[in-house]
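Using the numbering used here, the first residue of the sequence shown is number 26, and each one after it goes up by one. Read through the structure below, which is laid out as structure tokens, and then see the notes.
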Amino acid sequence: MAEGTREAASAQHRRLLDTIGVRIVEGHLAPGARLLTAEVAAEFGASRSAMREVVRVLETMGMVEVRRRAGVEVLPADRWSPYAPEVIRWRLDGSGRLRALHELSQLRSAIEPLAARLAAAQAGPEHRAALVKAVLGMVEHGDRADEPVYLQHDIDFHAAVLRGSGNPYLAGLADVVAELLHGRTAHALMPHRADETALRLHQDVAAAITSRDPEAAATAMAAIVTEADDAVEAMGKPGA
């Protein structure tokens with residue numbers, strides 16, 4: 026298959042997957058509904074094999090189930106894989122965005138201070154170096170906090186903390202936090218200029234981890250999560 030053809034097929038797959046995923050998350054395809062794959066394929070001019078692949082991916086996320094002689098059934102939200110990056114992205118793309126961001130912040134408040142505390146004791150030189158590099162990048166680009174360059178440094182910072190914890194289960198949540206940060210930027214819930222308190226707190230976490238101060242690291246990280254949740258709530262209010 027030519028490179029251009031592969032890219033077109035991949036783009037069609039993503040478009041199909043995102044369209045159906047959002048329809049399920051938004052309730053346009055309610056639990057118990059039958060996913061009429063032939064109709065969706067016709068809507069997008071997609072092949073049956075493309076639809077089968079999309080259904081397979083949705084099935085791995087617990088969003089649909091293929092029933093013999095009954096077709097493809099949409100499953101309720103409690104069956105979905107909540108940490109699948111796609112599911113998080115679709116929720117953040119939907120009408121329940123602010124609620125999803127708050128729920129993710131509640132998760133962060135439990136895991137990231139713990140990760141910071143552990144990283145202060147466990148992080149190796151590579152994680153500490155990544156942390157300092159990320160903070161410096163955030164400070165350098167703080168006047169463009171709503172742009173991709175700042176976002177990437179922010180993602181790198183939180184990934185370094187989670188991975189530096191030495192706990193593979195905490196490290197495995199780096200993509201979850203990355204999707205939250207992506208969603209906040211994508212939906213204009215970041216200020217153009219970074220909040221000075223937020224920047225200082227990120228520097229405090231990096232300093233505490235590099236100086237091996239677990240309690241200071243955990244305290245500063247908890248404050249980061251609280252500040253971010255409050256900022257999203259304020260920016261999400263009508264007229265903000």
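Every residue gets a Cβ at the ideal spot worked out from N, C-alpha and C, and that includes glycine.
Cβ-based neighbour list, residue i, same chain, cut-off 7 angstroms, excluding 5 preceding and 5 following
i: Val174; result: His166
i: Val250; result: Ser130, Arg133, Ser134, Glu137
i: Leu161; result: none
Pair within 8 angstroms by beta-carbon distance, residue i and residue j
i: Val47; j: Asp118; result: yes
i: Gln147; j: Gly197; result: no
i: Ala5; j: Ile234; result: Residue 5 lies beyond the stretch modelled for the chain, which goes from 26 to 265, so this question has no answer here.
i: Ala242; j: Val230; result: yes
i: Ala154; j: Pro239; result: no
i: Leu214; j: Met260; result: yes
i: Leu123; j: Gly191; result: no
Residue environment, residue i, which counts as buried when at least 16 other CB atoms sit within 10 Å
i: Asp103; result: exposed
i: His227; result: buried
i: Arg59; result: exposed
i: Gly208; result: buried
i: Ala247; result: buried
i: His183; result: buried
i: Leu187; result: buried
i: Glu156; result: Here residue 156 is Leu; the residue named in the question, Glu, does not match the sequence. By the 10 Å Cβ count, Leu156 comes out buried.
i: Leu152; result: Strictly speaking, residue 152 in this sequence is His, with Leu absent from that position. With 16 or more Cβ atoms within 10 Å of its Cβ, His152 is classed as buried.
i: Leu61; result: exposed
Residue i versus residue j - alpha carbon distance
i: His212; j: Ala199; result: 20 angstroms
i: His178; j: Val99; result: 37 angstroms
i: Asp171; j: Ala253; result: 13 angstroms
i: Met201; j: Ser106; result: Looking at the sequence itself, residue 201 is Val, so the reference to Met does not match. Their backbone Cα atoms lie some 12 angstroms apart in a straight line.
i: Ala109; j: Arg39; result: 15 angstroms
i: Ile113; j: Pro150; result: 31 angstroms
i: Ala75; j: Arg116; result: 23 angstroms
i: Leu41; j: Val164; result: 39 angstroms
i: Val82; j: Arg237; result: 42 angstroms
i: Glu221; j: Ser35; result: 41 angstroms
Residues bridged to residue i (per DSSP)
i: Gly96; result: Arg92
i: Leu60; result: Val97
Residues of its chain near residue i, where Cβ-Cβ distance is below 6 angstroms and the 5 sequence neighbours each way are ignored
i: Leu54; result: Arg48, Val99
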